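Colleague: As you go down the protein sequences, you meet chains A and B in turn. Residues 249 to 262 in my numbering are what the first sequence lists, from first letter to last. Residues 3 to 259 in my numbering are what the second sequence lists, from first letter to last. For each residue, glycine too, the CB sits at the ideal point set by N, CA and C. Owing to the predicted nature of the structure, the values given are computational and were not obtained by experimental measurement. Provided herewith is a single structure, encoded as structure tokens, for subsequent inquiry.
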Amino acid sequence: GKSQKGISSYFKVK
Amino acid sequence: MFEARLAQSAILKKVLEAVKDLLSEATFECSDSGIMVQAMDNAHVSLVSLNLRSDGFDKFRCDRNLSMGMNITTMTKILRCASSEDTVTLRAWDNPDNIIFIFESPSKEKLAEYEMKLINMDQEHLGIPETMYSCVVKMPSAEFARICKDLSQFGEAITIACSKEGVKFSAAGDYGNANIKLAQTAEVDKEEEAVCIDMQEPVKLTFACRYLNSFVKATPLCAQVKLSMSADVPLVCEYSIGEIGHIRYYLAPKIDD
């Protein structure tokens, strides 16, 4: 199966 | 005071149609340089980044930086009240509670004003680094929309595999599977019909159809779409907005458990 991480885990919170 | 005018509301109408599926509310950051929006969808899987440069407007005045929280659902309803040929003006005062949308017909015989309450929003702002992508595909936006729609019938996700031979879109489900290959166009009469692949390394990534089908709502904005991909990072799906700016959608790839 495949899952999905949230988009914020790829970009740093400013 | 903030005032921004576009000679034709069509652009703003299309922008709202392009974000309304993903965003129910968003903060519009207004400054001298223009209007910027960065917002995640409710599930925080995708990110919308909208940039409208001040020099693309017919009139633009922003005396001090403003962050205006807008209800996108309401804003979409208001923009639907404008005819495509109407002039649209956005106006707000300093420290505003409201924003005013003014639509004027080309003959100037009809003038409509809609006032919308602003909302207070706490939003995470994400820093998106400049990235060199392994594959950048430029293709007709209508073709991409068609492929997403067609493949969505077969599964919940679309795999995009890009190599020097071309780009392959595929979907698999309980009832069958489908794949569509596009080769780079050798020569085209019209630039907007071209498929152009810039590949450093082959890439194969899988994305949820649901989000791709929301992104393609931006198709009326631009004849071409740009897909930027690298292994294990979000897809960037970009549409230019005339001479005024762009809308970028970022989508996290599906990963093997």
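From residue 22 of chain B to residue 6 of chain B, what distance separates their C-alpha atoms?
Modeller: On the second sequence, position 20 is the one that residue 22 of chain B refers to. On the second sequence, position 4 is the one that residue 6 of chain B refers to. One C-alpha to the other measures close to 21 Å.
Colleague: Roughly how far, in whole angstroms, is the beta-carbon of residue 203 of chain B from the beta-carbon of residue 136 of chain B, given that I think they are within contact range, below 8 Å?
Modeller: As a first step, residue 203 of chain B is located in the second sequence; it is residue number 201 there, counting from the start. As a first step, residue 136 of chain B is located in the second sequence; it is residue number 134 there, counting from the start. Contact flag correct, Cβ pair sits at about 4 Å.
Colleague: Give the DSSP-derived three-state secondary structure of residue 246 of chain B in the structure shown.
Modeller: One-based indexing of the second sequence puts residue 246 of chain B at position 244. DSSP places residue 246 of chain B in coil when its eight states are reduced to three.
Colleague: List the residues of chain A whose Cβ lies closer than 8 Å to the Cβ of residue 47 of chain B, in chain order.
Modeller: Along the second sequence, read from residue 1 onward, the residue named residue 47 of chain B stands at position 45. Result: 252, 254, 255.
Colleague: For residue 157 of chain B, count neighbouring Cβ atoms within 10 angstroms of its own Cβ and tell me buried if that reaches 16, exposed if not.
Modeller: In the second sequence, counting from the first residue as 1, residue 157 of chain B sits at position 155. Buried is the call here.
Colleague: Using DSSP with H/G/I as helix, E/B as strand and the rest coil, what is residue 142 of chain B?
Modeller: By one-based count along the second sequence, residue 142 of chain B stands at place 140. If DSSP states are grouped into helix, strand and coil, residue 142 of chain B belongs with the strands.
Colleague: Note down, in chain order, all residues in the stretch 197 to 224 of chain B with a beta-carbon under 8 Å from any beta-carbon belonging to chain A.
Modeller: Answer set for the stretch 197 to 224 of chain B: 208, 210.
Colleague: For the stretch 42 to 121 of chain B, list the beta strand (DSSP E) runs that are entirely contained and at least 3 residues long, ordered along the chain.
Modeller: Fully enclosed beta strand (DSSP E) runs of 3 or longer: 48 to 55, 61 to 64, 68 to 73, 89 to 94, 100 to 106, 113 to 119.
Colleague: Note down, in chain order, every chain A residue with its Cβ under 8 Å from the Cβ of residue 254 of chain B.
Modeller: For this step, residue 254 of chain B is matched to residue 252 along the second sequence. 252, 253, 254, 255, 257, 258, listed in chain order.
Colleague: Got a sec, what are the start and stop residues for the beta strand (DSSP E) residue 27 of chain B sits in?
Modeller: The count along the second sequence starts at 1 and reaches residue 27 of chain B at position 25. 27 to 33 is the span of the beta strand (DSSP E), which, as asked, contains residue 27 of chain B.
Colleague: What's the C-alpha gap between residue 133 of chain B and residue 230 of chain B?
Modeller: Your numbering for residue 133 of chain B matches position 131 in the second sequence. Your numbering for residue 230 of chain B matches position 228 in the second sequence. Going from the Cα of residue 133 of chain B to the Cα of residue 230 of chain B covers about 10 Å.
Colleague: Is there a C-beta anywhere in chain A that falls below 8 Å from the one on residue 2 of chain B?
Modeller: Here chain B comprises residues numbered 3 to 259, so residue 2 of chain B is not present and cannot be evaluated.
Colleague: Strictly under 8 Å for the Cβ-Cβ distance: is residue 176 of chain B near chain A by that measure?
Modeller: The count along the second sequence starts at 1 and reaches residue 176 of chain B at position 174. Taking Cβ atoms only, chain A never reaches closer than 8 Å to residue 176 of chain B, which makes this a no.
Colleague: Can you name, in chain order, every residue of its own chain whose Cβ lies under 8 Å from the Cβ of residue 100 of chain B, other than the five neighbours on each side?
Modeller: Within the second sequence, numbered from 1, the residue matching residue 100 of chain B stands at position 98. These residues qualify, in order along the chain: 94, 117, 118, 119, 120.
Colleague: Chain A partners of residue 235 of chain B, CB-CB under 9 Å?
Modeller: In the second sequence, the residue the question calls residue 235 of chain B occupies position 233. Correct list: 258.
Colleague: Quick one: what does DSSP say residue 251 of chain B is sitting in, helix, strand or coil?
Modeller: By 1-based counting over the second sequence, the position of residue 251 of chain B is 249. If DSSP states are grouped into helix, strand and coil, residue 251 of chain B belongs with the strands.
Colleague: Could you check if residue 164 of chain B is buried or exposed, using at least 16 other CB atoms within 10 Å of its CB as the buried criterion?
Modeller: Along the second sequence, one-based indexing puts residue 164 of chain B at 162. Looking at its Cβ environment, which holds 16 or more other Cβ atoms inside 10 Å, residue 164 of chain B is buried.
Colleague: CA-CA distance, residue 166 of chain B and residue 35 of chain B?
Modeller: On the second sequence, residue 166 of chain B is found 164 positions in, with the first residue counted as 1. On the second sequence, residue 35 of chain B is found 33 positions in, with the first residue counted as 1. Computed Cα separation, rounded: 38 Å.
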